[in-house]
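Only one structure is covered here, and it is reproduced in the block below.
Number of protein chains: 2
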Amino acid sequence: MPTSSRPRYDRQSLTIVALDVFRQRGYDATSMEQLAAAAGISKAAIYHHVSGKEELLDAGLSMALDALEAVLGEEQATTGAPVDRVRHVMRRVVELEVELLAAVSVLLRARGNSAVERRALDRRRRFDRAVARLIAQAQSDGSLRDDIDPVIAARLAIGTATWLVEWYGTGGKLGVDALADAVVTMTFDGLAVRKR
Amino acid sequence: MPTSSRPRYDRQSLTIVALDVFRQRGYDATSMEQLAAAAGISKAAIYHHVSGKEELLDAGLSMALDALEAVLGEEQATTGAPVDRVRHVMRRVVELEVELLAAVSVLLRARGNSAVERRALDRRRRFDRAVARLIAQAQSDGSLRDDIDPVIAARLAIGTATWLVEWYGTGGKLGVDALADAVVTMTFDGLAVRKR
DNA sequence: ATGGAGCAACCGAACGTTCGGTCAGCTTAG
DNA sequence: CTAAGCTGACCGAACGTTCGGTTGCTCCAT
């Protein structure tokens, strides 16, 4: 069966392929040859769409960060009781992480070796701090415990959610709703059974 | 001031330097030249102690995994009520992660690109499964909630603890005991304040 | 309908640089 | 003195990128 046409990409579709390969191999361990093989085009063709490897990383990291930051602007994250806002943000983070698994996975492994990575790390820290402020508000109104520093609580909570990109999909059939439930339940109510 | 002597390394001390650089830059993004610069010796001198870059990675990953696995064999992890054993393991994991920060950080970023990394990932999965078995026991005797699958609970709990290597030490003066307390408290009791 | 022009996307070959590693010889600690 | 530890110069392979050229598709004039 002859191949009568060549695969066609644009910047966005190439970024999606790149993210999958970066997720599997790590950004630094992925060569442009490997990326080209995954896309089914030559290495040189990639440079028609992007100026270089880093532009693919930048595009992918932006996808993840744009989505996470947008959560903070949602109505349920900006109005209502602080504790409900924290819950909403946590659920949405889990949902987004499942939806943008590769992009978030690459994001959580950003190191700071380049300006692109450092910008992403800055945005991540700003996101963490915004969550910490929400948690601090919920602590102030007495709905969340205040014996854990809000910055630490935010980091632990976000870490719990974020780490799932490392194992989600590796077995079992847990849906995103059930997963978000588990994360929120453990984060807010803990694993221990209530003593009565 | 003349340098009248050259730094001297052995395999272990070189591994420690390597882990620090691997942690900062990522293993794949760390060149042997950068490693040599960090150690203050020439690149060629490294090969007197190790056969290659991967041997340094293997040594570092083994440090982390040996320590984690040893926790599972401790008396407080093998005897007593299952829920107490889970608590003990969580505390010890946090303590070890602080103590072996660079090694654990490199471990959690292992991808599977080489036999060394795949072995480490296998050992990580076995560790996770052992914790899941402990959690399942505590669920069976009613001390931990059983509406979250034990494998998922284990992954979430370990994820909470493990993620700390990404931010521990980046500000604040939280001691390891207080940190372990925060992790255990959130994992078992959650962030929400009890309703009465 | 057809063929030519134009274009975005693609190609193989080549580039300069960097990579992990090697080697003969030098240095230093015991 | 001796051997462990180290060095600068070097290696072939691979890296990300560039270059001049090709391809397949769409559009438009005839």
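In order, the protein sequences belong to chains A and B.
Counting from 1, one number per residue, gives the positions in the first sequence under the working numbering.
Counting from 1001, one number per residue, gives the positions in the second sequence under the working numbering.
All C-beta atoms in this analysis are idealised placements derived from N, C-alpha and C, irrespective of residue type, glycine included.
| Item | Value |
| --- | --- |
| Close beta carbons around S42 (chain A), own chain, < 6 Å, minus the five adjacent residues each side | A36 |
| Nearest residue (CA-CA) to I1148 (chain B), options A:V193, A:P82, A:T79 | A:V193 |
| Any non-hydrogen atom of the ligand HEM within 7 Å of D1010 (chain B) CB | Within the structure as shown, the ligand HEM is missing, as the structure has no ligands at all. |
| Segment contact, 8 Å Cβ cut-off, at least three pairs: the segment 63–79 of chain A with the segment 123–132 of chain A | yes |
| Beta-carbon contacts of E1117 (chain B) that lie in its chain and below 7 Å, excluding the five residues immediately before and after | A1110, R1111 |
| Buried/exposed call for P2 (chain A), threshold 16 Cβ in 10 Å | The predicted position of P2 (chain A) is uncertain, since its pLDDT is 33 and thus under 50; no value can be drawn from it. |
| Opposing strand residues paired with A1192 (chain B) [DSSP bridges] | A:L144 |
| Per-residue DSSP class, three states only, for E1117 (chain B) | helix |
| Close-in-space but distant-in-sequence residues of the same chain around S4 (chain A) (CB under 8 Å, 5 per side omitted) | With a pLDDT of only 45 at S4 (chain A), under the threshold of 50, the placement of this residue in the model should not be trusted, and no figure is reported. |
| 6 Å Cβ shell around A38 (chain A) - same chain, five flanking residues per side excluded | V17, V21 |
| Within chain B, the residues that S143 (chain A) reaches when beta carbons sit closer than 8 Å | A1192, V1193 |
| Given 8 Å, three or more beta-carbon pairs between the segment 174–193 of chain A and the segment 1136–1145 of chain B | yes |
| Alpha-carbon to alpha-carbon, V1050 (chain B) and L1061 (chain B) | 15 Å |
| Run of the alpha helix (DSSP H) containing R1008 (chain B), from where it starts to where it stops | From DSSP, R1008 (chain B) is part of no alpha helix (DSSP H); its letter is neither H nor E. |
| Segments of 4+ residues assigned as alpha helix (DSSP H) that fall wholly inside the segment 1071–1128 of chain B | 1075–1078, 1082–1099, 1101–1108 |
| Other residues of its chain near H88 (chain A): CB distance less than 6 Å, five sequence neighbours each side excluded | Q76, A77 |
| Any chain B beta carbon closer than 8 Å to L164 (chain A) | yes |
| Assigned secondary structure, L61 (chain A) (DSSP; H/G/I helix, E/B strand, else coil) | helix |
| CB contact check: V1183 (chain B) to chain A, cutoff 8 Å | yes |
| Whole-number beta carbon distance between A1115 (chain B) and M1063 (chain B), since they are thought to touch under 8 Å | Not really, about 18 Å apart at Cβ, beyond 8 Å. |
| Touch test, the segment 178–189 of chain A against the segment 1129–1144 of chain B, Cβ-Cβ under 8 Å, three pairs minimum | no |
| Proximity test, Cβ basis, 8 Å: A1102 (chain B) and chain A | no |
| DSSP state of A1178 (chain B) mapped onto helix, strand, coil | helix |
| Residue interval of the alpha helix (DSSP H) (run including I41 (chain A)) | From DSSP, I41 (chain A) is part of no alpha helix (DSSP H); its letter is neither H nor E. |
| Selected residue, minimal CA-CA separation from L1101 (chain B), among B:R1006, B:D1010, B:R1023 | B:R1023 |
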